[in-house]
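In my numbering, the protein residues as written are 1 to 94.
Every residue, glycine too, gets a C-beta built ideally from N, C-alpha and C.
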């Protein structure tokens, strides 16, 4: 199945300025598999999303539709067919 990932402006420098990525994921795939596929094509993007253990950075939220994966099963959260995925790094400033 094809999964559409929405990339925010702060991370587009790691996707050749693409606003979205389309990732092929097997039916029944989870967030960990999705991130592995992202990392295969965009390792610099993956380093901004995940730490060295493969967990989401504390300042990054990922939504499967409207559900934050942190409130679901984390990296084991299943990615349903047809859903859009959003990666949202925290923004701070003064």
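Cβ contact (3+ pairs, closer than 8 Å) linking the stretch 1-18 and the stretch 70-89: yes
At least three beta-carbon pairs within less than 8 Å, the stretch 37-44 to the stretch 74-84: no
Cross-strand partners of residue 89 (DSSP beta bridge): Here residue 89 corresponds to residue number 89 of the chain shown, with the count starting at 1. Answer is 60, bridged to residue 89.
Through-space distance from residue 91 to residue 122, alpha-carbon basis: An answer regarding residue 122 cannot be provided, because it is not within the stretch 1 to 94 covered by the chain.
Bridge-paired residues (DSSP) for residue 48: For the purposes of this step, residue 48 is taken as residue 48 along the chain shown, with counting starting at 1. Answer is none; residue 48 lacks a bridge partner.
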